[in-house]
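**Student:**
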Amino acid sequence: MQSTRTFTDKLFLILKGLGMGAANKVPGVSGGVVAFVAGFYEEFIYSLQKVNGKAFKLLINRRFKSFFYYINGRFLSLLFFGMIVSYFSVSKILDYLIEHYELFVWSVFFGMIIGSIYYINKDFKDWNSKTLLVLVIGIIIGVGISFLDPAKENDNLWFVFFCGIISVSGMTLPGFSGSFILILLGNYVLLLVDSVNALFDTFSDLLRGDFSFTANSERLRMIKVLVVFTLGSVTGLVTFSHVLNYILKHYKNITLSAIIGFIIGSLGVVWPWKKTIYKKDEGIYLLDSTGEKIIENYQRYVPKLELETFYAIAFILLGIVIVLALEAYGKNTRKQHA
Numbered sequence: 159m160q161s162t163r164t165f166t167d168k169l170f171l172i173l174k175g176l177g178m179g180a181a182n183k184v185p186g187v188s189g190g191v192v193a194f195v196a197g198f199y200e201e202f203i204y205s206l207q208k209v210n211g212k213a214f215k216l217l218i219n220r221r222f223k224s225f226f227y228y229i230n231g232r233f234l235s236l237l238f239f240g241m242i243v244s245y246f247s248v249s250k251i252l253d254y255l256i257e258h259y260e261l262f263v264w265s266v267f268f269g270m271i272i273g274s275i276y277y278i279n280k281d282f283k284d285w286n287s288k289t290l291l292v293l294v295i296g297i298i299i300g301v302g303i304s305f306l307d308p309a310k311e312n313d314n315l316w317f318v319f320f321c322g323i324i325s326v327s328g329m330t331l332p333g334f335s336g337s338f339i340l341i342l343l344g345n346y347v348l349l350l351v352d353s354v355n356a357l358f359d360t361f362s363d364l365l366r367g368d369f370s371f372t373a374n375s376e377r378l379r380m381i382k383v384l385v386v387f388t389l390g391s392v393t394g395l396v397t398f399s400h401v402l403n404y405i406l407k408h409y410k411n412i413t414l415s416a417i418i419g420f421i422i423g424s425l426g427v428v429w430p431w432k433k434t435i436y437k438k439d440e441g442i443y444l445l446d447s448t449g450e451k452i453i454e455n456y457q458r459y460v461p462k463l464e465l466e467t468f469y470a471i472a473f474i475l476l477g478i479v480i481v482l483a484l485e486a487y488g489k490n491t492r493k494q495h496a
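Whatever position you read off the sequence shown (first residue = 1), add 158 for the working numbering.
1) Contact check, SER391 vs VAL460 under 8 Å by CB: the rounded distance?
2) Would you mind working out which of ASN279, TRP264, GLU485, LEU406 sits nearest PHE473, comparing C-alpha positions?
3) Of the choices ASN219, ASP281, PHE262, THR393, whose alpha-carbon is the least far from that of LEU465?
4) Considering only residues of the same chain and omitting the five flanking positions on each side of ASN312, which have a CB-CB separation below 7 Å?
5) Counting only the same chain and skipping the five closest in sequence on each side, list residues whose C-beta sits under 8 Å from that of LEU331.
6) What does the alpha-carbon distance come out to for the pair LEU476 and VAL195?
7) Answer with buried or exposed for SER247, where buried requires no fewer than 16 other C-beta atoms within 10 angstroms of its C-beta.
8) If you run the structure through DSSP and keep just helix, strand and coil, what is TYR436?
9) At what residues does the alpha helix (DSSP H) containing LEU217 begin and finish?
10) Take TYR245 and list the residues in its own chain whose beta-carbon comes closer than 8 Å to its own, dropping the five residues that flank it on each side.
11) Closest by CA to TYR228, which one among VAL243, LEU236, ASN210?
12) Among the candidates VAL294, PHE214, LEU484, whose CA atom is the shortest distance from the CA of GLY423?
13) Can you grab the Cα-Cα spacing for the pair LEU171 / LEU237, in whole Å?
14) Measure how close the beta-carbons of SER370 and LEU350 come, nearest whole angstrom, since I'm counting them as under 8 Å.
15) Measure from the alpha carbon of TYR404 to the alpha carbon of each residue in ALA356, LEU206, THR166, then state which is nearest.
16) Just the C-alpha distance for SER415 and PHE320, rounded to the nearest angstrom, thanks.
17) Alpha carbon to alpha carbon, what distance is there between THR393 and LEU234?
18) Return the chain-ordered list of same chain residues with a C-beta closer than 6 Å to the C-beta of TYR259, the five sequence neighbours on each side being excluded.
19) What are the residues that DSSP puts in a beta bridge with GLN457?
20) Quick test of your reading: LEU173 and GLY240, contact by CB under 8 Å. State the CB separation rounded to the nearest angstrom.
21) Less than 7 Å between C-beta atoms, sequence neighbours within five positions excluded: which residues of the same chain meet that for ARG389?
22) Check for me: the alpha helix (DSSP H) holding ALA180 runs from which residue to which?
23) Residue range of the alpha helix (DSSP H) that ALA373 falls in?
24) GLY177 CB to nearest chain B CB: under 9 Å?
25) Looking at C-alpha atoms only, which residue of ALA470, GLY231, TRP431 is the closest neighbour of ARG458?
26) When you compare each of LYS407, PHE282, LEU342 to GLY302 by their alpha carbons, which one comes out closest?
27) Taking only runs that begin and end inside the region 252-281, name each unbroken alpha helix (DSSP H) of 4 or more residues, in chain order.
28) Taking all protein chains shown into account, decide if TYR121 is buried (16 or more other Cβ within 10 angstroms of its Cβ) or exposed.
29) Alpha carbon to alpha carbon, how far is PHE305 from PHE202? Give it in angstroms, no decimals.
30) Please name the residue in LEU482, ILE218, GLU257, TYR199 whose C-alpha comes closest to that of THR434.
31) Secondary structure at ASP363, three-state DSSP: helix, strand or coil?
32) Identify whether LEU206 lies in helix, strand or coil by the three-state DSSP scheme.
33) Give me the residue from VAL266, SER335, ASN279 with the minimum Cα distance to PHE468.
34) On a CA-only basis, which of ARG232, GLY177, LEU365 is nearest PHE165? Give me that one, please.
35) Buried or exposed: where does ASN219 fall if 16 or more other Cβ atoms within 10 Å of its Cβ makes it buried?
36) Within its chain, find whatever has a CB closer than 7 Å to the CB of LYS168; leave out the 5 residues flanking it on each side and keep chain order.
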């Protein structure tokens with residue numbers, strides 16, 4: 159699967175990683191959709207499932223070059239580099255945009271998901287009673303998840319490890335938002351805000367030669383939580399990739415119809431016109447460790463015909479155009495490597 163890539167290909171692969179990382183952090187948006195639409199989903203799953211017993215044997219025997227080639231390391235390293243950079247750059251920008259231009263950000267994502275549904279469906283010709291049934295089940299599950307009530311925050315390390323396993327579903331299964339599932343599990347703020355901020359602050363301290371954080375029990379707790387969450391994510395990523403590679407190989411049509419259903423169902427989560435509901439205790443908003451209000455859920459509403467609504471519709475169209483542009487690029491890339 160390892161192929162020769164031009165400098166432009168490598169640059170675009172990093173940009174795709176940036177897109178996946180940003181999408182994975184936004185509740186309701188699935189990084190797997192980015193992979194699917196940009197045309198590298200199957201290579202992504204194939205590469206991840208190569209992290210197996212043979213790969214570890216190569217690693218133990220210090221055959222690093224063979225290991226890197228076997229797991230399609232060039233592809234994975236560039237993609238994950240983009241994701242990591244995204245968590246400390248693009249996702250920070252997204253946090254700002256969602257805070258100040260929430261309606262327009264959700265509108266772009268809503269449009270991107272509509273574009274994704276069109277993209278996946280237009281080449282899918284195997285509709286029959288079985289695939290239609292799976293499609294309906296996928297839609298019901300996707301919509302059902304969007305109306306579940308979130309749990310309370312839980313920093314038990316075994317639960318954090320479980321959250322890591324579950325959260326990567328958004329990377330491997332288009333239509334399932336890992337970050338939204340973390341909201342439902344009650345640990346979105348803990349794992350994608352507090353712990354990431356703690357790591358960022360720790361790196362900043364280290365660059366300044368300041369090691370005072372070693373005496374900060376809260377900082378160390380956050381770092382420990384992030385390490386366990388990361389281990390869970392890696393475990394989930396490898397496990398899910400093996401399962402998905404198998405079902406894509408043996409039940410491709412059913413899998414694709416389920417993915418289309420999940421993506422359609424996720425439209426309810428990213429519906430642009432919604433108000434954020436925050437957790438309260440006796441009329442007082444509950445805050446996380448950074449002083450931010452903790453999200454409980456969203457209240458959706460039908461928009462009024464006003465100027466802001468037309469702006470939002472324009473951003474929905476922009477989202478669709480972005481996906482169509484990604485599709486065109488993905489198709490061109492596949493032709494070049496065919």
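Note that CB positions come from ideal geometry on N, CA and C, so glycine has one too.
**Tutor:** Reading from the atomic positions:
1) Rounded to the nearest angstrom, the Cβ distance from SER391 to VAL460 is 37 Å, too far for a contact under 8 Å.
2) Here the closest residue by C-alpha is TRP264.
3) It is PHE262 whose Cα lies nearest to the Cα of LEU465.
4) The beta carbon of ASN312 sits closer than 7 Å to the beta carbons of GLY344, ASN345 from its chain, once the five residues preceding and following it are set aside; these are given in chain order.
5) So the list reads SER188, GLY190, PHE398, LEU402, ILE417, PHE420, once near-sequence residues are dropped.
6) One alpha carbon belongs to LEU476, the other to VAL195, and they sit about 15 Å apart.
7) By the 10 Å Cβ count, SER247 comes out exposed.
8) Under the three-state reduction of DSSP, TYR436 is assigned to strand.
9) Counted as a single uninterrupted DSSP element, the alpha helix (DSSP H) harbouring LEU217 occupies residues 211-218.
10) Hits under 8 Å: GLY179, LYS183, VAL354.
11) Closest in C-alpha terms to TYR228, from the list VAL243, LEU236, ASN210, comes ASN210.
12) Of VAL294, PHE214, LEU484, the residue nearest in Cα terms is VAL294.
13) The alpha-carbon separation between LEU171 and LEU237 amounts to approximately 6 Å.
14) 25 Å between Cβ atoms; not a contact.
15) The candidate whose alpha carbon is nearest that of TYR404 is LEU206.
16) A straight line joining the alpha-carbon of SER415 with that of PHE320 spans about 27 Å.
17) Going by the C-alpha atoms only, they are around 16 Å apart.
18) Closer than 6 Å at Cβ, skipping near neighbours: no residue.
19) Partner(s): LYS433.
20) That belief holds up - the Cβ atoms of LEU173 and GLY240 are roughly 6 Å apart, short of 8 Å.
21) At residue 389 the sequence reads Leu, which differs from the Arg that was named. Only PHE319, GLY322 meet the Cβ criterion.
22) That run of the alpha helix (DSSP H) goes 165-183.
23) Counted as a single uninterrupted DSSP element, the stretch harbouring ALA373 is not any alpha helix (DSSP H), since DSSP gives it neither H nor E.
24) Here there is only one protein chain, and chain B is not present.
25) Among ALA470, GLY231, TRP431, the Cα nearest to that of ARG458 belongs to TRP431.
26) Selected option, being the one with the closest Cα: LEU342.
27) Taking only runs of at least 4 residues, the alpha helix (DSSP H) segments lying wholly in the region 252-281 are 260-280.
28) In the structure displayed, the chain extends from 159 to 496; residue 121 sits before or after that span and is not available.
29) Rounded to whole angstroms, the separation of the alpha carbons of PHE305 and PHE202 is 30 Å.
30) When each option's Cα is compared against that of THR434, the closest is GLU257.
31) In this structure, ASP363 counts as helix in the three-state DSSP scheme.
32) Looking at LEU206 - three-state DSSP - the assignment turns out to be helix.
33) Residue VAL266 is the option with its Cα nearest to PHE468.
34) Checking every option, the nearest Cα to that of PHE165 belongs to ARG232.
35) Exposed is the call here.
36) Result list for LYS168: LEU236, in chain order.
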